[in-house]
Amino acid sequence: MLRREQLCKMVAERYKGGTESSPFWIKSKRHFRDKSASLRAFISMPGEIIKDTTVMAESAANYYEELFTEPEVYRPHPCIDSQPILWDNNNDTIPLVSYPELVRVLKAKKQKSSCEAHGLSPMLLDRVPKNYWYLMIPLFNLSLQTIFMPEKWKDVRMAILAKKEPICTPDATRPISLLDCHLKVIEKLFLSSFLKVLNDRGLLPDNQSGFRANHRLQSRFLLLIDQISSLMANNSPVCTVFVDFRSAFDQLWFDGYVGKLSRLGIPAAYVAWIKEWLTNRRGYIDIQGTCSRWFPIKRGGPQGSSLTPSVFITYHSDMSDAFPMAMSFLFADDVAATMVGQMGIKYTDQCIDLEKRLASFFDNLEYYSVLSVQPINYKKTHAMWTARAVSYLNPMPILKCGEHIISWTNQFKYLGYWISTKLGWSSLINYTLLKIRQRTTLVNVCKYAGVSSNEVRRILFSTFVYPLFAWLFAIIPLFTFRQQIDLSHAYFTCLKRVYRCLQWEDFIFSILYNECSLDVRCFKYWEKYLAALGKSEDGQLLLEQIELWAHRQSWLNGHSKIMSLRKNKRLIDRNSVWAICLGWCSRHNMISSIPAIDHNDIHNFIHFPETF
1 MLRREQLCKM
11 VAERYKGGTE
21 SSPFWIKSKR
31 HFRDKSASLR
41 AFISMPGEII
51 KDTTVMAESA
61 ANYYEELFTE
71 PEVYRPHPCI
81 DSQPILWDNN
91 NDTIPLVSYP
101 ELVRVLKAKK
111 QKSSCEAHGL
121 SPMLLDRVPK
131 NYWYLMIPLF
141 NLSLQTIFMP
151 EKWKDVRMAI
161 LAKKEPICTP
171 DATRPISLLD
181 CHLKVIEKLF
191 LSSFLKVLND
201 RGLLPDNQSG
211 FRANHRLQSR
221 FLLLIDQISS
231 LMANNSPVCT
241 VFVDFRSAFD
251 QLWFDGYVGK
261 LSRLGIPAAY
271 VAWIKEWLTN
281 RRGYIDIQGT
291 CSRWFPIKRG
301 GPQGSSLTPS
311 VFITYHSDMS
321 DAFPMAMSFL
331 FADDVAATMV
341 GQMGIKYTDQ
351 CIDLEKRLAS
361 FFDNLEYYSV
371 LSVQPINYKK
381 THAMWTARAV
391 SYLNPMPILK
401 CGEHIISWTN
411 QFKYLGYWIS
421 TKLGWSSLIN
431 YTLLKIRQRT
441 TLVNVCKYAG
451 VSSNEVRRIL
461 FSTFVYPLFA
471 WLFAIIPLFT
481 FRQQIDLSHA
491 YFTCLKRVYR
501 CLQWEDFIFS
511 ILYNECSLDV
521 RCFKYWEKYL
531 AALGKSEDGQ
541 LLLEQIELWA
551 HRQSWLNGHS
561 KIMSLRKNKR
571 LIDRNSVWAI
581 CLGWCSRHNM
591 ISSIPAIDHN
601 DIHNFIHFPE
611 TF
């Protein structure tokens, strides 16, 4: 009993950040966070298992040295062999670094303990007084002005993890690059200036949401769902192709990227600094303290760098132009392209027309892959057919990208959400509830110092279980009424399991423990989400979709006309995804779901439950 009371007193302190709470959270994360399998051994070509770390390190070095070799490119190439373009901003220089800007970057830097190639840990730099960093400003400014970078900054220590099985081949591993601490700082300083140039010239397309401020993953997913549902409402067959690029960041072509930057109107000083940052890099493999030889890195952006994602999306900023027959939705290297058959003709003729468009799309995709030196992962590239028709084509048309067959799928996980052919959400809900039940069970059996309490279990629930519910908030308005009711009941059921009062009704539990319903929490999320959309470019795209929906409704009602298109009975009336979400918010506009009840009634219920 004494240990339980002591634990309850320290819960508030453990929930705060600091050194006192570290043991509690380290032990908790060990049970709840999914981790990559630790690499134990390699499998050689004859099938022999290799456990010697020296041999493993050299085998991995051989594989990654070949992976990072300079690519062979067809010449002449438009990125490097075409005539240079002189832009009006070609002579602009990189702004110098100021001390307040440097301090802001240092405060935002994440604290990590892993050592880089030369044995320096970021934790040591965090202990350096901030005023001492003033001495580094001349070095950073020298690098930005004279395109100079110390060679030691480009050395990389690479730790590798197994993607699935702990005993695998080197190609089934994932490299984790540990960059130089000073390089990370100057990358963030340069990134702010580089992003300003990109925004001033408007180089990044609106359909690219990955690694960009004021662009959200949920908005990109909802725009995709709205596009597919609007095309289905026209009684047209729709095909969505999900493209996966193989080792996307590791395949960046240096010369092609530098040449494309010059053609996009990036000042020469920025292009030269990025070229110096990319070239003449080297790394080694570290497996359980055993290091391999040094090998050169002539392809791919530095993993773990804050600059690499912006470099990647700039290099592929013209990807949508390569697919004029499709509506593309991009999130970094995740591509979803939507195509539809011609409207106003028979359904069979629409399917034939869509098949021709798919063939043209895959021809353009193969050409773009070769031109940008960005290989496609054909095994993970899938196509999904969606239509209002009860039965689909049988057999489905054969899709080929080059010499490779593209497979059809009934559902696909895109940006963390499962999409099905009929745009239903049962699979996503069932998969999420399974993970929620598993984590709730872990919360109930988890003990610290041999004891547990309601406060500790509630904290663990908020940290590791509630985010799974919150992940669904963006699409809960699209669920059916029955699905929303069941999900809300599942939320209260998990909470009652945490508080060990599973026999109580949801309404009584909500009152006694002052717990809001899932609908209220979802509404609060949408309040903040809509406020953020009003200040972002995504909000403008959503307004365009609502205006298109209103124009279609006006055409269906006979109030306006669309040239070369006539109405028929197969065109159905449908609501825009955003209209559905806004309607849901208007119906659930409540501050709290907990009714105001007199405390005396609660006291009587606790002591005299038979009277209720």
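Numbering (full-length UniProt numbering), first residue to last: 1 to 612.
Backbone N, C-alpha and C define an ideal beta-carbon position, used for all residues, glycine too.
Computed from a predicted structure; not experimentally measured.
query                                                                                                              : result
Length-filtered (3 minimum) beta strand (DSSP E) runs lying within the region 396-431                              : 399-401, 404-408, 411-414 and 417-420
Among Arg458, Gly304 and Ile137, the one whose alpha carbon lies nearest that of Arg157                            : Gly304
Close-in-space but distant-in-sequence residues of the same chain around Trp504 (CB under 7 Å, 5 per side omitted) : Lys496
C-beta contact flag for Ala61 and Val241 at 8 Å                                                                    : no
Endpoints, alpha helix (DSSP H) assigned at Trp25                                                                  : Ser22 to Phe32
Anticipated Cβ contact below 8 Å, Asp226 with Trp578, distance rounded                                             : 7 Å
Whole-angstrom distance between Met319 and Pro138, CA atom to CA atom                                              : 39 Å
3 or more residues per run - each beta strand (DSSP E) lying fully within the region 338-399                       : 382-386
CB contact flag (Glu537, Asn131, <8 Å)                                                                             : no
Spatial neighbours of Thr69 in its chain, beta-carbon cut-off 7 Å, leaving aside the 5 residues before and after   : Lys298 and Arg299
8 Å Cβ shell around Gly47 - same chain, five flanking residues per side excluded                                   : none
Val335 to His404 span [Cα, whole Å]                                                                                : 18 Å
Span of the alpha helix (DSSP H), counted from its first residue to its last, around Val498                        : Phe481 to Val498
Assigned exposure category for Ser236 - 16 Cβ within 10 Å defines buried                                           : buried
Start-end ranges of the alpha helix (DSSP H) lying completely within the region 255-297, minimum 4 residues        : 268-278
CB-CB length for Pro267 against Val197, believed under 8 Å                                                         : 7 Å
Short CB-CB distance (under 8 Å) between Leu178 and chain D                                                        : No chain D is part of this structure, which consists of one protein chain only.
Assigned exposure category for Met396 - 16 Cβ within 10 Å defines buried                                           : exposed
With 16 other Cβ atoms within 10 Å as the buried cut-off, status of residue 665                                    : Since the first residue of the chain shown is 1 and the last is 612, residue 665 is not available in this structure.
Phe194: first and last residue of the uninterrupted alpha helix (DSSP H) it sits in                                : Cys181 to Arg201
Inter-stretch contact (C-beta, 8 Å, three-pair minimum) for the region 74-93 and the region 164-171                : no
7 Å Cβ shell around Gln111 - same chain, five flanking residues per side excluded                                  : Pro122, Met123 and Asp126
Proximity winner among Tyr64, Ala41, Leu278 and Thr432, relative to Met56 (alpha-carbon distances)                 : Ala41
Residues that DSSP places opposite Pro129 in a beta bridge                                                         : Partner(s): none; Pro129 has no beta bridge.
For Pro175, the residue or residues it bridges with in DSSP                                                        : Ile160
Contact under 8 Å by Cβ, Leu512 with Leu487                                                                        : no
Continuous beta strand (DSSP E) stretch holding Phe329: start and end                                              : Met327 to Phe331
For Phe245, the residue or residues it bridges with in DSSP                                                        : Ile376
Segment contact, 8 Å Cβ cut-off, at least three pairs: the region 547-555 with the region 515-530                  : no
C-beta contact flag for Thr54 and Thr338 at 8 Å                                                                    : no
The region 414-429 contacting the region 471-488, beta-carbon criterion three pairs below 8 Å                      : yes
Candidates Tyr367, Ile352, Gln218 and Ile476, of which the one nearest Ala532 by Cα                                : Gln218
Cα-Cα separation between Met325 and Ser262, rounded to whole angstroms                                             : 28 Å
C-alpha distance - Ile85 paired with Val520, whole-angstrom precision                                              : 56 Å
Residue span of the beta strand (DSSP E) that contains Phe464, given as start and end                              : Note, Phe464: premise wrong, no beta strand (DSSP E); not H, not E.
Under 8 Å between C-beta atoms of Asn207 and Phe362                                                                : no
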